[in-house]
Structure formats: structure tokens, C-alpha cells
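For reference, the structure is listed below as C-alpha cells.
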Amino acid sequence: MYASFRKDKKDEEEGGSGMGGTGAGGGSHAFAHLEKTSVLQEARLFNATPVNPRKCTHILAKILYLLQQGESVSPTEATETFFAITKLFQCPDPVLRRMVYLGIKGLSNLSDDVIIVTSSLTKDMTGKEDAYRAAAIRALCTITDATMLQAIERYMKQALVERSPAIASAALVSAWHMGQHRGPGSTGPDVVKRWVNEAQEAVSSDSIMVQYHALGLLYHIRRADRLAVTKLVSKLTRSSLKSPYAVCLLIRIACQLIEEDADEAAGSSTSIYFDFVESCIRHKSEMVIYEAAHAIVNMRRTTNRELVPAISVLQLFCSSPKATLRFAAVRTLNQVSMTHPAAVTACNLDLENLITDSNRSIATLAITTLLKTGAESSVDRLMKQIASFVSEISDEFKVVVVQAIKSLCLKFPRKHGILMNFLSGMLRDEGGLEYKTSIADTIITIIEENPEAKENGLAHLCEFIEDCEHTTLAVRILHLLGAEGPRTSNPNRYIRYIYNRVILENATVRAAAVSALARFGALCDDLLPNVLVLLSRCQMDNDDEVRDRATYFKVILEQQQQNLNSQFILNGLQVSLSSLEKALHNYTLSGCDAPFDIKSVPAAPIDVSEKKAKAGEMGMTSKKADAKPTATRHDMFVEKFAAIPQIAQCGPLFRSSQPVELTACSNLNLDPLRVIPESETEYVVQCIKHVFPNHVVLQFDCTNTLNDQLLEKVTVDMEIPDGFELVEILACNKLEYNVKDTIYAILASPEDELSEWIGTVSPTLKFVVKDCDPNTGEPDSDEGYPDEYVLEDLELSVSDYVQRAMKANFPAAWEELGPTNELEDTYVLSSMKTLDEAVKSIIQFLGMQPCERSDKVPEGKSSHTLVLAGVFRGGHDILVRAKLALSEGVTMQLTVRSENPDVSELITATVG
Numbered sequence: 001m002y003a004s005f006r007k008d009k010k011d012e013e014e015g016g017s018g019m020g021g022t023g024a025g026g027g028s029h030a031f032a033h034l035e036k037t038s039v040l041q042e043a044r045l046f047n048a049t050p051v052n053p054r055k056c057t058h059i060l061a062k063i064l065y066l067l068q069q070g071e072s073v074s075p076t077e078a079t080e081t082f083f084a085i086t087k088l089f090q091c092p093d094p095v096l097r098r099m100v101y102l103g104i105k106g107l108s109n110l111s112d113d114v115i116i117v118t119s120s121l122t123k124d125m126t127g128k129e130d131a132y133r134a135a136a137i138r139a140l141c142t143i144t145d146a147t148m149l150q151a152i153e154r155y156m157k158q159a160l161v162e163r164s165p166a167i168a169s170a171a172l173v174s175a176w177h178m179g180q181h182r183g184p185g186s187t188g189p190d191v192v193k194r195w196v197n198e199a200q201e202a203v204s205s206d207s208i209m210v211q212y213h214a215l216g217l218l219y220h221i222r223r224a225d226r227l228a229v230t231k232l233v234s235k236l237t238r239s240s241l242k243s244p245y246a247v248c249l250l251i252r253i254a255c256q257l258i259e260e261d262a263d264e265a266a267g268s269s270t271s272i273y274f275d276f277v278e279s280c281i282r283h284k285s286e287m288v289i290y291e292a293a294h295a296i297v298n299m300r301r302t303t304n305r306e307l308v309p310a311i312s313v314l315q316l317f318c319s320s321p322k323a324t325l326r327f328a329a330v331r332t333l334n335q336v337s338m339t340h341p342a343a344v345t346a347c348n349l350d351l352e353n354l355i356t357d358s359n360r361s362i363a364t365l366a367i368t369t370l371l372k373t374g375a376e377s378s379v380d381r382l383m384k385q386i387a388s389f390v391s392e393i394s395d396e397f398k399v400v401v402v403q404a405i406k407s408l409c410l411k412f413p414r415k416h417g418i419l420m421n422f423l424s425g426m427l428r429d430e431g432g433l434e435y436k437t438s439i440a441d442t443i444i445t446i447i448e449e450n451p452e453a454k455e456n457g458l459a460h461l462c463e464f465i466e467d468c469e470h471t472t473l474a475v476r477i478l479h480l481l482g483a484e485g486p487r488t489s490n491p492n493r494y495i496r497y498i499y500n501r502v503i504l505e506n507a508t509v510r511a512a513a514v515s516a517l518a519r520f521g522a523l524c525d526d527l528l529p530n531v532l533v534l535l536s537r538c539q540m541d542n543d544d545e546v547r548d549r550a551t552y553f554k555v556i557l558e559q560q561q562q563n564l565n566s567q568f569i570l571n572g573l574q575v576s577l578s579s580l581e582k583a584l585h586n587y588t589l590s591g592c593d594a595p596f597d598i599k600s601v602p603a604a605p606i607d608v609s610e611k612k613a614k615a616g617e618m619g620m621t622s623k624k625a626d627a628k629p630t631a632t633r634h635d636m637f638v639e640k641f642a643a644i645p646q647i648a649q650c651g652p653l654f655r656s657s658q659p660v661e662l663t664a665c666s667n668l669n670l671d672p673l674r675v676i677p678e679s680e681t682e683y684v685v686q687c688i689k690h691v692f693p694n695h696v697v698l699q700f701d702c703t704n705t706l707n708d709q710l711l712e713k714v715t716v717d718m719e720i721p722d723g724f725e726l727v728e729i730l731a732c733n734k735l736e737y738n739v740k741d742t743i744y745a746i747l748a749s750p751e752d753e754l755s756e757w758i759g760t761v762s763p764t765l766k767f768v769v770k771d772c773d774p775n776t777g778e779p780d781s782d783e784g785y786p787d788e789y790v791l792e793d794l795e796l797s798v799s800d801y802v803q804r805a806m807k808a809n810f811p812a813a814w815e816e817l818g819p820t821n822e823l824e825d826t827y828v829l830s831s832m833k834t835l836d837e838a839v840k841s842i843i844q845f846l847g848m849q850p851c852e853r854s855d856k857v858p859e860g861k862s863s864h865t866l867v868l869a870g871v872f873r874g875g876h877d878i879l880v881r882a883k884l885a886l887s888e889g890v891t892m893q894l895t896v897r898s899e900n901p902d903v904s905e906l907i908t909a910t911v912g
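Numbering (the UniProt record's numbering), first residue to last: 1 to 912.
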């Protein structure tokens, strides 16, 4: 019978005739140029008498290949093919029969009436031919629906405890699949739950795979019952499972119980589950030993004492002759080094031996782990060991090493010289854009975090751009040179490198170089004459963008006015490009009687760190890229409010806050193994505050979480601060179960006193309740009863009226505003214990953007200066300088400058 499995050497030599042949081309795939239509035409051969097993097997392989490649097959085509395949049951060839099973599984979701093969599959499933039974079970369970499951239940129960391991495993895995939820009304999970006795019997099987699959099914059946799972684990931990796969699964289940139990979440050694996991470290199977060690080190609250045995096992695996064990050990140690670097230090000697491992994945992980755990004294030796290794690995591994070096630089700032030299050597080596970008990012990070490394790092980057072939990277480095170069002790040294780019590079890089030169001219008076000469030469460039930039910057620099330099060169235009585009378009459609007011355009949103914002400021993109500005969150609100007349008449939108929860958050649980508790609140309400020139619009997003209630005439009653006036409330007509709807409240701001803009709103949700059918949502009657729901208070604070703005050169912007509307006061922040805490609180309270990387407080400092920039409602620039000193609390000297004196007064008064 098994003769059909045999493949002669002659068949292997016939390239195109076999399933795995390469065709006439000799190197192309046999199925590389298949066409669905021709393959389905070939499927007609299934109807031939007698059946040709060899040809039919080959055609079935083609069909399966097309399905696997995602080929679109219509239900009609799938049904016709399926019916043709069913006729192949008359052939007893074992290879063909197995291909038929695969074909049935592949087409079962596409064709109609797949149920017709049930009798044939059931016959194979219950027959005496073991070669058919396992595959028939898998195919039958794939097409079985709720109505058929009862008919085959008896056969499935028998198969679960079958002596043949292949049949029992097929039945257990198929039962697990059928136990999954298949939509509303599915009875599959309920039927499978009745097979728990058979699954328990299968757990005692002598077969390794059967025991593993049986435990998986048993856990799946009981997973919703915490007590049943606990009993299962307690019973099995006291017995000795023969299957290492089953023991690994039991370890994972035990760890999940430990994590879920609040008393045992710390991984206490008194826990029977933790004792079991720890005992598995001494198991005879290496797989189980690793699984136990991996589980212990990945528990959320494992102590250093509990880590010791797991780390010791991983350390032993590092010297294993098996590459898989070495890789698993060093990979896990690498992960542990991020949270418990001290615990991994004991393995450093073993990790150093792995640097020369023939497997480069292992060597890379060993190096990165050593870089995370090594001492400062070992940095020099590590760099020498890495030097010979790096040239032998691919770019992908080099990027990992570079990231580890970045962490080492931040950990040991005094070693920046050695590490920077090493990185510059890597920059000169061959490599792709991602690899070179990672090195440049690391050097830039070192420059930003360590002032002592600035000039050394800039020098390395200057040498790199001399031979840099990546435009985006050259542009970024030029931007950095323009930002940091003028502040160094000898700015003149960078001019040559920048101007070389104007002579030698493409238009995009030349434009970036022109912008960098302009910054030197704006900040260095002694270099201004030379910069003007170089910009004059750039005016003869053959690219219009380069010429326009040179002309623009030259005219501004010739005025020699600091405020012009700050506004048009150093800080630039900081508005949302998409909003500016729409505002200009609307202006051209109007009468254009009044000049266009740039203050009507909102500032560009800053939702990322200063570092990323600065990277975006370089803006030296090619005009040929033709990239359109993407719509921002602000633009989406503007478009939405344009369709609501009551809000549209409020004028241009200044800013929108993030959603604020006004009800207790529901306990959301995404784990399907656990029962989801009831929500803590009947209704979920979030509020977004929209600020307009003279109005504040409160957007209440409401969700009804009760499926037996329908809410109608939903509105909000509010107690508003003095000075505000309630203009209108746009109520919600109907609030159905789990369908979000919105209520708008339009408030007119006080006209005179800015201090009255700050206050508390106390909202209450009011509505009419109608009881309804939970399944259909239809109300039981037309009559309802009024009800209300008290919401949390809503604060209107200073930050709601301030839009973040980045000032690339804060000193220039500070001097540009001048002391005309400056106010200064001193405060004692007694509740603050550290400077870092004070900085974060000030930024959050004022809602302004930190500049000059002042949001990062150097370690060990007792004083710090925080500088912030923003735009107040009405388009008024506002700058804040907070000098902080640490004593018993934190003392703050706050200086505020703004275009509007009332804004400066509001800030100082509110902080006080």
C-alpha cells in the first residue's frame, strides 16, 4: 500500500513532471507561472475513469498552491472544484487521498454544500486504515458545523482515547479548534465541554504529543473556571508528566495563575505554583529547564533572590555545545539586563566567551548584553573585542550593536571619547542608510546629552558628510551643524564643510547647506561678512530653491536686525502647514479687503519630544517630492464644526484639548480567558474643550453601557464660572446602547478680565429613560421617566488657552519679545521634592513647550533653568523662564514675557 509514497531517482531527474520539478528553465519554480483558469480547467481530469492518481495529485498541488498564495476563487469556481474533488474518494491511493483531505480543508470556506463529503470522511474516520483516520478527522472537523457536531460526537470521543498517537492527537487538536467560539448561537464550545473525561484520560497517555495536546484541550475547556484551573494545576504539579511539551504548557499556566493572584503576584516562594516552576529548573529535559528559567525572569515582580537559580541555569546554557541553547540563554539574559542588569553581571565572563561564537546572532546578543551590564572600567576592553567582530556581521546586527553603544554612552558619559571614535570608524565603513542613520542618531544623542562631547561629535559628523551618499542623512547633519555649530568655541571651522556641500552635492543638500550658513550669519557677527559673500555665490545656483533661499537669507542678514534674524532665520514660521493652506485658500475666495492675518492660523501641533520636533524642523525636503500636508486632528475638528452652524459662527478654532474622563473608567479586560467584570459606571462621558477667539465649546462624548435602557432627550445642565455665558446647548435626541453620541455646550468667554477665563464647570447629564428589550433594543413602551447623572467637575485652566510652540533658538526669541511686557515673581513650591518633579509639574500646568532641552534636569544639580514657549489665544507669543533652586522644597523665580501685558499678568497670577 505504501508503495505510492516511493519516489524513484528517475522521477527526481524529470524536472517538469514531478510536483517539485523546476521546469525547463532549470532554475524557476514549477508553479511560478500558474494561471487559475488553466488549473481549474485541468481539474476536469478528476472526473476521468479510471482516476490517474499521479496527475490528479499534481493538479491538487497546483490548486493548493494558488489558494496558499491568496489567489481569489469565486464561490462558483470553488464549488465546482470541490464537487470534482469528491469523486476522487473512489481511488484508494494514499498520497492522493491525503491531498484530497487538504483540498477539502482549503476549499471548505469558499465553496457551498461542503457537507456532502461528511459521509465519506466519517467512513474514513471510523475505518480500519490508520493512514486515513487522522487526516480524515482533521478534514471532517474543519467542515463540521453546529448541526453536524452531534452526529460525530460519539466518533470524536472514541478518537480522543484512541491507542494510535497520531489519531488521538488529531482528535484532540480538532476538538480544540471546534471549542473556539464561532459566532452567536454556536454550540461547538458547549459540546466540546462534554468531552472533559476523555481529555483527562488522554492526559495519562504514554505519547508525548498526545499528553501535550490533551492538556491543552483540558485547559481550554476549563479556562473560564478559575477554581477548576487551580485544581487541574495542583493535581498535575504533584504528578510527573512524561511529556516535556506538556510540562512547558503547565509552567505557563502556573505562571498565569501567579500573575493573576494578587497575593502571589510578587512570585513569593511560599506559592505552590512558584515552587513547581522553580523545581522544573532541575528537570531532566533542557526544554523544560529553559522554560522554567524564562518564566521566572519574566514574572513582573520577581525579586533578585528568586532570579538567582534561573540566572545560574542560563549561565550554564551559555557554555552548551548546542547553538539553540546558547542562543536562548543569551537572548533571555539580554532581556533581563534591561530590568535587572546587576543580576546578569555574574554571567559577564561567559558572555565574553560568546563574542567569538560562530553564530553571529549569539555573538551580537552577547555583545549587547555586555554593553548593558559592563562596568566603566571594562569599556576599553569591550571596544577592542567588538572592533574585529563588527566588520563580520550584517547591517541588521550592526544596528543592534549601535543601539547598545548608545545606552553605554548615556550610562558612562566620561567614556564619550572612546565610544565616539569607535562610532566614527563605523561611519566610514560600508553600510546601508538604516545602519548609517542609527550611528548618526547615536552621535547626535551623545551631543545633546553631554555638552563636553559636542565639538568632538560635530567634527566626526563633518568628516562623514564629506563622503555621505544618503541625502536625508546629509540634510539632517547639516541642520544639526546649523543649530549647534554657532554655539561652539570656534564656529569658523564648520563653514568649510557646509560650503563644500553647496559645491559638490545635489539640490536638496545644497538648499540645506544654505539654510545652515544663514544661521551662522545670524548668530556670529564676525562671520557675517564671509557668510554674505558665500550666499551671493549661491544666488547663481542652477536650482531655483537654492537661489531663492540664498536671496531670502541674504536680504534679511544685510539688515543686521536681531529681531528679523530671530523671526525669519532662527525660529522661522511655526504654523500648521495644512491649516495655513486652507486659511490661504479661504482668504483668496473672500474679498481680500483686509490683509491676511497669520495669527488666525493655529500653531503647528507638538505632540512629540523636542528632539523629534527639531528633526522635523530641518525641513530641507526636495520640492520635487510633491508631498501634500496631511490633515491634523485640528483640521478634522475644523471640518466637523463647519457643518454645525451654531459652532461655525464662533470663528476659527484655536486649539482642542485631549479628552477628559468625567465618569469612572470601566474595567476593561482584553484577556479572553478571564470573566469580564461589570462596568463601574452606567454611562461613559468624555469631554473635549475647544477654544475659539471669544467662545469655549465643550464636546461631551456620551456612551450608554446599559443594554436594557434607551436614553432620549439627552442634554447637559451646567454650573459655569462667573463671567461666562451659556449661549446654547446642542442636545442629543437618542442614546442607544453602546452607540457613542455627542452633546455640545457653547460658552461665551468673559470679555474684559482674562483672569475670569479660569474656573470650574460642574456638569450633570439629564435624560429621559425608557426600558427596552436587551436583545432588540426596542423600548417596552412610549413612556419614560426623567433621570440625571452627576458628572465629575471640569477645570478650565491656563493650559487650555495655550498652544505649544517650539523655539529652535530660545535666547533670540527672548530678546525679540523684549522686556516691555515682562513680569517676574518668586514662588516656593513646597510640595515638590525634586527639580525633575517641579519641571514636569510646571510644563503640565502651563501647557507650553520646553525649549533648549531644558525639560531634562542633569543628575546631581541643585539648580536648573526651564524655558518654555507657547502661543496664547489670540495669537500672542508667550515665553517663560523659570529658575529653580532646590532647598527644603523648590524655589522658583518665574519670568514671563508676552506680546500682551494681560497674558503675562494672567500667567504670574495663576501660578501664584
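Cβ atoms here follow ideal geometry from the backbone N, Cα and C, with glycine treated the same way.
query = When you compare only the Cα positions, how much space is there between Gly417 and Asn456?
reply = A direct Cα-Cα distance of roughly 8 Å separates Gly417 from Asn456.
request  = Would you kindly work out how many angstroms separate the C-alpha atoms of Leu894 and Lys372, rounded to a whole number?
outcome  = 40 Å
key: N-terminal and C-terminal residue of the alpha helix (DSSP H) that Tyr497 is part of   = 492–504
query = Less than 8 Å separating the beta-carbons of Gln211 and Ala159?
reply = no
task = Measuring alpha carbon to alpha carbon, tell me which of Asp544, Trp176, Asn694 ends up nearest Phe872.
result = Asn694
request  = Would you mind giving the Cβ-Cβ distance between Ile743 and Thr715, rounded to the nearest angstrom? I have them listed as a contact below 8 Å.
outcome  = 6 Å
query = Just how far apart, CA to CA, sit Thr588 and Thr865?
reply = 45 Å
request  = Enumerate in chain order the residues of its own chain whose CB-to-CB distance from Asn500 is below 8 Å, with the five nearest sequence positions on each side excluded.
outcome  = If we look at Asn500 and ignore the five residues flanking it on each side, its Cβ neighbours are Glu466.
message = Counting C-beta neighbours from all protein chains within 10 Å, is the total for Phe422 16 or more, i.e. buried, or is it exposed?
response = A buried status is given to Phe422, since no fewer than 16 other beta-carbon atoms sit within 10 Å of its beta-carbon.
message = Counting beta carbon pairs with one atom in the stretch 707–725 and one in the stretch 767–781, are three or more of them shorter than 8 Å?
response = yes
Straight-line gap, Val203 to Lys398 (C-alpha atoms, nearest Å) = Cα to Cα, Val203 sits roughly 47 Å from Lys398.
message = Once DSSP output is grouped into helix, strand and coil, what is the label at Leu316?
response = It is helical.
query = In chain order, which continuous runs of the beta strand (DSSP E) of length 3 or greater are located wholly inside the stretch 722–809?
reply = 725–730, 732–735, 741–748, 759–771, 785–790, 794–796, 802–804
message = Distance check for Asn450 and Ala583, CA to CA, integer angstroms please.
response = About 42 Å.
key: Close beta carbons around Asn359, own chain, < 6 Å, minus the five adjacent residues each side   = Ala323
query = Grouping DSSP H, G and I as helix and E and B as strand, with all else coil, what is Asp717?
reply = strand
request  = Using DSSP bridges, identify the partner residues of Cys702.
outcome  = Val685, Asp741
task = Going by CA-CA distance only, name the one from Asn506, Gly485, Pro491 that's closest to Ala474.
result = Asn506
From Pro645, Gln649, Arg655, Thr442, residue whose alpha carbon lies closest to that of Phe637 = With distances taken between Cα atoms, Phe637 lies closest to Arg655.
ask   = Taking Val697 as the reference, which of Leu726, Thr764, Leu706 has the closest Cα?
value = Leu726
task = Scan the stretch 111–181 and note each continuous alpha helix (DSSP H) run of 4 residues or more that stays entirely inside, going in chain order.
result = 118–126, 130–143, 146–160, 165–178
Those residues which DSSP pairs with Arg897 across a bridge = Leu879
Anticipated Cβ contact below 8 Å, Ala329 with Leu314, distance rounded = 4 Å
request  = Report the partner residues of Pro811 according to the DSSP bridge assignment.
outcome  = None; Pro811 has no bridge partner.
request  = Pull up the CB-CB distance for Ser174 and Arg138, whole angstroms please, since I reckon it's below 8 Å.
outcome  = 6 Å
query = Going by DSSP, which residues form a beta bridge with Asp825?
reply = Leu894
message = Below 8 Å on the Cβ atoms is my contact criterion, and I expect Pro602 with Ser576 to pass it. Report the Cβ-Cβ distance as a whole number of Å.
response = 5 Å
Through-space distance from Gln562 to Ala518, alpha-carbon basis = 13 Å
ask   = So, helix, strand or coil for Gln574, using DSSP?
value = coil
query = Ordered along the chain, which non-local residues of its own chain (more than five positions away) have a Cβ less than 8 Å from that of residue 957?
reply = Absent from the structure is residue 957, since the part of the chain shown begins at 1 and ends at 912.
request  = Give me the Cβ distance between Ile103 and Ile63, rounded to the nearest whole Å; I'm assuming they're in contact under 8 Å.
outcome  = Looking at the sequence provided, one finds Gly at residue 103 rather than Ile. Confirmed, about 6 Å.
Close Cβ partners of Val297 (< 7 Å) along its chain, the five nearest in sequence each way excluded = Leu307, Ala310, Thr332, Val336
task = Spell out a yes or no on whether the stretch 732–748 and the stretch 809–821 are touching, meaning 3 or more CB-CB pairs, one atom from each, closer than 8 Å.
result = no
key: Minimum C-alpha distance to Met209 - residue among Asp225, Arg163, Val191, Thr230   = Arg163
Within the stretch 194–279, ranges of the alpha helix (DSSP H) (whole runs, at least 4 residues) = 196–203, 208–222, 226–238, 244–260, 272–279
key: Three-state class that DSSP yields for Leu886 in the structure shown   = Three-state result, Leu886: strand.
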